[in-house]
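Please read the structure below before turning to the comments.
Residue numbers (UniProt numbering): 1 to 112.
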């Protein structure tokens, strides 16, 4: 049995819905990356992570600086939790960046 056959057999055994929806997953994975939709929540989280890393903060230290927990900040950065307006303000103030740099999808030139 080939590896690909073993994989499909294990998927059918563990996840029966994969056999039904597998054709859909294949079509989604074939889509070009530029067509992928990113939610506002994911965009804000990715922006916070990029800014935090650019300013040299580790996740734990930055969480303490903005008065939240490591896990909550990790969930915001991953796009699993929504960043509240108050949290966005604390992030912006701590990093010394305009709030719009976090909350809008505009370029730096448009915000500044």
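Ideal Cβ placement from N, Cα and C applies to all residues, glycine included.
Using the C-alpha atoms, what's the distance from residue j back to residue i?
i	j	result
residue 52	residue 80	18 Å
residue 102	residue 59	17 Å
residue 67	residue 75	15 Å
residue 73	residue 39	17 Å
residue 78	residue 64	18 Å
residue 69	residue 92	17 Å
residue 88	residue 37	22 Å
residue 71	residue 106	28 Å
residue 104	residue 90	16 Å
residue 82	residue 57	21 Å
Just mark residue i as buried or exposed, buried being the case when its beta carbon has 16 or more other beta carbons within 10 Å.
i	result
residue 45	buried
Do you know whose CA, among the options, lies nearest residue i's CA?
i	options	result
residue 100	57, 48, 39 and 37	48
residue 97	55, 64 and 70	55
residue 62	105, 95 and 104	95
residue 41	85, 71 and 57	85
For the alpha helix (DSSP H) holding residue i, just list the boundary residues, first then last.
i	result
residue 61	59-65
residue 100	100-103
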